[in-house]
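A.B. asks:
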Amino acid sequence: MGRAFEYRKAAKMKRWGNMSRVFPKLAKSIEKAAKEGGGDPDMNPKLRTAILNAKAENMPKDNIEAAIKRAIGKDAKDMLEVTFEGKGPHGSLIFVECLTDNNTRTVANVKNHINKNGGEMLNNGSLDFMFSRKSIFEFDLPEGMDVEELELELIDAGLEEIEEEEGECIVHADYTDFGNMSQKFDELGIELKKATLERIANTPISLNEEQMEEVQKIIDKLEDDEDVQAVYTNIE
Numbered sequence: 003m004g005r006a007f008e009y010r011k012a013a014k015m016k017r018w019g020n021m022s023r024v025f026p027k028l029a030k031s032i033e034k035a036a037k038e039g040g041g042d043p044d045m046n047p048k049l050r051t052a053i054l055n056a057k058a059e060n061m062p063k064d065n066i067e068a069a070i071k072r073a074i075g076k077d078a079k080d081m082l083e084v085t086f087e088g089k090g091p092h093g094s095l096i097f098v099e100c101l102t103d104n105n106t107r108t109v110a111n112v113k114n115h116i117n118k119n120g121g122e123m124l125n126n127g128s129l130d131f132m133f134s135r136k137s138i139f140e141f142d143l144p145e146g147m148d149v150e151e152l153e154l155e156l157i158d159a160g161l162e163e164i165e166e167e168e169g170e171c172i173v174h175a176d177y178t179d180f181g182n183m184s185q186k187f188d189e190l191g192i193e194l195k196k197a198t199l200e201r202i203a204n205t206p207i208s209l210n211e212e213q214m215e216e217v218q219k220i221i222d223k224l225e226d227d228e229d230v231q232a233v234y235t236n237i238e
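In the working numbering, the protein residues as written are 3 to 238.
This is the structure we're talking about:
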């Protein structure tokens, strides 16, 4: 449990050190949600979640409002969700989620990032059984609430696992229960810090530091790409 929290905190600090690349990705997510369901977060759950995640990364309010305005304007771009799969050195597997207004550009860039850094592209569907899609919720445990008590409240909504450390909680559920869990948190009055759909490796592997550096070259190139929203691997 502690290891999971340490990993997430380290990843968050890394993201905060690269705001110039994080904010445009968050803005794209907000634009897509607003374009699909309207610019009012009270009437658009997907937009509400996108804004929640943007705030979790300290994205300024002005940036959020600007993204919504772009989405509902007459010149708003259509955003396409696309995924790519590949393998890297030392048995590493890579799953890439993108959001783009130019699929030709995105395909070319992702292939280049993977193939030129020691990896190989795979056909979509090749990693279907290697990753499980999960709903992940992060929040602070409300004062006076017991973890066991909260666990009982969340079971009927689809809870699979709850982790707690120093008052910080991470809840895991199947991706199909994202809406049910979100609604339950609203009913309980729990303010979420983040709510995402993530891909979790079913059989994680361990790499030494030198091997990890080779794989990290691919990951860094992908994460620097403006069209890439998330990169998942099977590395512990």
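We put the beta carbon where it would ideally sit given N, CA and C, even for glycine.
Around the Cβ of V233, are there at least 16 other Cβ atoms within 10 angstroms (buried) or fewer (exposed)?
C.D. replies: With 16 or more other Cβ atoms within 10 Å, it is buried.
A.B. asks: Please report the straight-line C-alpha distance between E228 and K30, rounded to a whole angstrom.
C.D. replies: Approximately 9 Å between the Cα atoms of the pair.
A.B. asks: I'd like to check one pair, L152 with I138: are the Cβ atoms closer than 8 Å?
C.D. replies: No. Outside cutoff.
A.B. asks: Under 8 Å by Cβ, that's how I've got F141 and I192 pegged, so tell me the actual separation to the nearest angstrom.
C.D. replies: Right, their Cβ atoms sit about 6 Å apart.
A.B. asks: With a CB to CB cut of under 6 Å and the five nearest residues on each side skipped, what residues in its chain are close to M123?
C.D. replies: Within the same chain, M123 has close Cβ partners G88, K113, I116.
A.B. asks: Taking only three categories from DSSP, how would you classify L190?
C.D. replies: Helix.
A.B. asks: Applying the 10 Å Cβ sphere with the 16-neighbour rule, what's the burial state of G181?
C.D. replies: Label assigned to G181: exposed.
A.B. asks: Leaving out the 5 sequence neighbours to the left and right, which residues in its chain are closer than 7 Å to L101 when beta-carbon positions are compared?
C.D. replies: Around L101: K30, S31, K34, M81, E83, D229, Q231.
A.B. asks: Which class does E228 belong to by DSSP, given the choice of helix, strand or coil?
C.D. replies: Reduced to three states, the DSSP call for E228 is coil.
A.B. asks: Mind listing, in chain order, the continuous alpha helix (DSSP H) runs of no fewer than 4 residues lying wholly within the stretch 50 to 123?
C.D. replies: With a minimum length of 4 residues, the continuous alpha helix (DSSP H) runs that stay inside the stretch 50 to 123 are 63 to 74, 105 to 117.
A.B. asks: Taking only the alpha-carbon atoms, compute the straight-line gap between V109 and K71 and give it to the nearest angstrom.
C.D. replies: Near 28 Å, if we compare the C-alpha coordinates of K71 and V109.
A.B. asks: Per DSSP, which one or two residues make a beta bridge with P23?
C.D. replies: It is worth fixing the name first, because residue 23 is Arg in this sequence and not Pro. Partner(s): none; R23 has no beta bridge.
A.B. asks: Grab me the residues of P91's own chain with a C-beta within less than 8 Å of its C-beta, minus the 5 sequence neighbours each way, in chain order.
C.D. replies: Same-chain partners within the cutoff: G120, G121, Q213, E216, V217.
A.B. asks: Need the endpoints of the alpha helix (DSSP H) that L154 sits in, please.
C.D. replies: 149 to 157 is the extent of the alpha helix (DSSP H) around L154.
A.B. asks: State buried or exposed for G160, treating a residue as buried only when at least 16 other CB atoms are found within 10 Å of its CB.
C.D. replies: Classification of G160: buried, given that the 10 Å Cβ count is 16 or more.
A.B. asks: Can you pull the DSSP bridge partners for L161?
C.D. replies: According to DSSP, L161 bridges with A175.
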